[in-house]
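Read through the structure below, which is laid out as structure tokens, and then see the notes.
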């Protein structure tokens, strides 16, 4: 019986943890620099909080937790006989695992409304669970890294979130394209062709422009019930080109008759001008076909793609005007961003961009030559640890070959040897595992050599 | 409909997160200094991994996850009619939430045996879930912070784990008593009175010595089937006193006829001598009545109590010789320690020991005087952030009173004002919120003032 874990879940080894923590710490550091504070919510939420928030399909993808004790009490026997597992599940289970961080955040804001000072800026880095069919790059347990501000409709928030995105990827050394759109511009398109009720159909179709090309998008628009005339009216919009400035101007003149469309263009102008005045490493792109989370976003829409790796969106976000309405607190505007840690991990792996610090902890391993030498080593280690150097001693006085095999396996950059003669001098022979160079040093000297060399990388 | 969370679970606000992260980061830093590397395992494990590992009571306290889709398929209708929810649950659910970090760690070691280099030193800081009845200080979701080394029976590991405990609490400024015992000493007691099969009864009874006193312990020993003679034989052991050294000597002479008992004393000598040679802040105590996790530990037993707060054990651990046997990998010895984050949190609160850095993120809030001033402020903020200062701007040009109420609520130590005249000079008026002092400064000067003042605390 070889033990295993549920499909779609993962163990993270020390080497993987070091890389993941490098990503999380980078994101966390930048969030903090912008005044976002962490919160955490429970893994389990009441199903009444989760159900109905992610569509019918989403309800099925919730992991539900069987009630403790006599879970059949109160279950409708008729449902059991009918095999109506959907409705039965709601009777057997009161709790479910969180599906994302957005709904728990909305629930948090409403539940703690009296303790919160608005605007409320929070970030949250926690796992979420989805009973999706597992496949390459899609897991049933994965982390989300979200930052949101609620209670302010100022576009300065958008500017700061874009700065955060830019700074995170600058630190990670991933070159990105930062795509922007605005839901109001999409609403403008629908107004322009006299079909405001068709906004979803239009955007779902033109969202595929990159993937399927203009001809297929037009075919889909016709399929979705637009007239030939309406499709033609949209053509100049889909053909917009030029610099960001030129495209905004073209958009404004095409949407001249749509108040909401012009408002969207105006917001895009303000946000892009704001970030460009502050300077941006990322390539900024206006993408009128961008429509992620359309049922949800009401203003700015943000999507980030890696420039050097073919992979889907690695970060996304936008403004929503009614996050908490479903919990009885209407009219609270917010804007947020969500980093896709798993895809960022894949991008860093593909580009081999991990720095030296994203590796396992130990900086120096002491060889164990026996009880007396081990005791002397441990006294030296105590001193070096107090200087911030991570040390370990091989716990048994095993054969040198075995100890060195361990040192290589855990990839320690330094090995220290304290034999009889070193012990007599209160020193160690410190060996740099990369260069093979060896020095006879006091503990404080060794600590300083190690700290300096590891900071250089 | 006011939303809520499942009973026994908690939301953590930014202020609580700052305090919790202070604890976790302290523990993590010390683990790393001793060469322990992090791993993470999934929240969900197969129920086959979890069931039967925590006793019958424990099986009931596992949160079980309803199978996705048609969960009734394969369920025995007879069990439904009989209302046999225990056996039915195993048919409706394949997965459960982890109950502790020890069993997942054992599963990890066996599953990844071919990738691991022994000895394997890992730490793990993750939440666990138990369907316990919630009460004060007992939650259904809580964090465990475990460090273990497997694949080495060297007592140097014990010495290092005790150093880790000492260093963590030294950094947290919590004065502790570090209690030690050894399962082999307990086995020696049972041998001494000619009742080796009574070891559990003896230890369960004498474990209560602190709480119920000698007289009641003796009564319980009789109740549990020991003879008057056997109870009398135990009396000198329970009365051992003096210095650590004296008590070890007394123990050795009382256990002179028990080979396993003497081995236990020898191990205690080696461990205590090892840590004392290196110097210890904690008060070290030999406690022959200490018997936590007896079904589990086979050598050293460790327990930590706070000296200045009446609360249960705040950390515990010990050596086990067969962690992975249940998963088909026998004979792997290990030793570990587990920090009780929730109780440590309570102790720090009780003693008010949180340092200044354990607070919310923002170091300076810029007042928003309008679009032009905000743009100038944001340029200054960009510069200050690049120097590591956490900044935010109030997103709307709201009334001063409202903006200052926000600054007070999030407890920012500094507020910066960039009005027309400051803007003209490229400076800000930086106000220290504690002292009320105000200075006119360039951004780089302000960053330096803020960094220096916050490091002083």
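Chains as they are written, first to last, in my numbering: chain A, 1 to 457; chain B, 1001 to 1457. Glycine residues also receive a C-beta, built at the ideal position from the N, C-alpha and C atoms.
Exercise for review: Answer with buried or exposed for residue 1146 of chain B, where buried requires no fewer than 16 other C-beta atoms within 10 angstroms of its C-beta.
Suggested key: buried
Top-ranked residue by Cα proximity to residue 303 of chain A, from A/20, A/139, A/367, A/336
A/336
Close beta carbons around residue 128 of chain A, own chain, < 7 Å, minus the five adjacent residues each side = 98, 99, 100, 101, 142, 144
Q: Check the Cβ-Cβ distances between residue 145 of chain A and every residue of chain B, and say whether any is below 8 Å.
A: no
field: Buried versus exposed call for residue 1013 of chain B [16 or more other C-beta atoms within 10 Å across all chains shown]
entry: buried
Are residue 1106 of chain B and residue 1324 of chain B closer than 8 Å when you measure CB to CB? yes
Measure the alpha-carbon distance for residue 163 of chain A versus residue 342 of chain A and round it to whole angstroms. 21 Å
Query - Where residue 1244 of chain B sits in the DSSP three-state scheme - result: helix
Can you tell which of B/1375, B/1077, B/1215 has the C-alpha that lies nearest to the C-alpha of residue 271 of chain A?
B/1375
Just confirm the distance between the C-beta atoms of residue 60 of chain A and residue 177 of chain A, as a whole number of angstroms; I'd bet it's less than 8 Å.
No, residue 60 of chain A and residue 177 of chain A are not in contact; Cβ-Cβ is about 34 Å, not under 8 Å.
Quiz item: According to the neighbour-count rule (16 or more other Cβ atoms, all chains shown, within 10 Å of its Cβ), is residue 6 of chain A buried or exposed?
Solution: buried
Check: If we cut at 8 Å on Cβ distances, does residue 1422 of chain B have a partner in chain A?
Finding: no
*asked:* Give me the subset of the region 1062-1084 of chain B whose CB atoms are less than 8 Å from a CB atom of chain A, sorted by chain position.
replied: 1063, 1064, 1065, 1066, 1068, 1069, 1070, 1071, 1072, 1080, 1083
*Which chain B residues are close to residue 382 of chain A, counting only those with a beta carbon under 7 Å from its beta carbon?*
1278
*Applying the criterion that 16 or more other CB atoms from any shown protein chain within 10 Å of the CB defines a buried residue, is residue 214 of chain A buried or exposed?*
exposed
With a threshold of 6 Å on Cβ separation, who are the neighbours of residue 287 of chain A within its own chain once the five nearest residues in sequence on each side are excluded? 179, 181
8 Å contact criterion, which residue 47 of chain A and residue 83 of chain A should meet: CB distance rounded | That pair is no contact at about 20 Å.
- Query: Do you know offhand how far residue 241 of chain A's Cα is from residue 285 of chain A's?
  - Reply: 11 Å
| said: For a contact defined as C-beta to C-beta under 9 Å, what are the partners of residue 92 of chain A on chain B? | reply: 1066, 1071, 1092
Review point. For the beta strand (DSSP E) that residue 364 of chain A lies in, which residues bound it at each end?
Key: 364-366
### Message
Checking the sheet assignment: what are the DSSP bridge partners for residue 1179 of chain B?
### Response
B/1285, B/1303
Cβ pair residue 1441 of chain B, residue 1449 of chain B closer than 8 Å: yes
Would a check of beta-carbon distances place residue 12 of chain A closer than 8 Å to chain B?
-> yes
- Query: In three-state terms, what does DSSP make of residue 1028 of chain B?
  - Reply: helix
For a cutoff of 8 Å on Cβ pairs, would you count residue 1042 of chain B as touching chain A? yes
Next on the checklist: Just to make sure I have the definition right: I need the residues of chain B whose C-beta is within less than 7 Å of the C-beta of residue 374 of chain A. Which are they?
Outcome noted: 1156
ask   = Since residue 1396 of chain B meets chain A, which of its residues come closer than 7 Å, beta carbon to beta carbon?
value = 152, 154
Between which two residues does the beta strand (DSSP E) holding residue 393 of chain A run? 391-393
Query raised in the report: How many angstroms separate the CA atom of residue 1104 of chain B from the CA atom of residue 1089 of chain B?
Result: 21 Å
Just the C-alpha distance for residue 1150 of chain B and residue 1045 of chain B, rounded to the nearest angstrom, thanks.
21 Å
Judging by CA-CA distance, which residue of A/8, A/11, A/16 is the nearest neighbour of residue 348 of chain A?
A/16
Could you check how far apart the C-beta atoms of residue 175 of chain A and residue 308 of chain A are, in whole angstroms? I think they sit under 8 Å. 6 Å
- So, is the C-beta of residue 1033 of chain B closer than 8 Å to a C-beta in chain A? yes
Taking one C-beta from the region 424-435 of chain A and one from the region 61-74 of chain A each time, how about it: are there three or more such pairs within less than 8 Å? no
| task | In angstroms with no decimal places, state the Cα-to-Cα distance between residue 86 of chain A and residue 1019 of chain B. | result | 41 Å
task: Drop a sphere of 10 angstroms on the beta-carbon of residue 457 of chain A, count the other beta-carbons inside from all chains shown, and report buried for 16 or more, exposed for fewer.
output: Legend: pLDDT at residue 457 of chain A = 41, less than 50; position of this residue unreliable, value from coordinates given subsequently. Under this definition residue 457 of chain A is an exposed residue.
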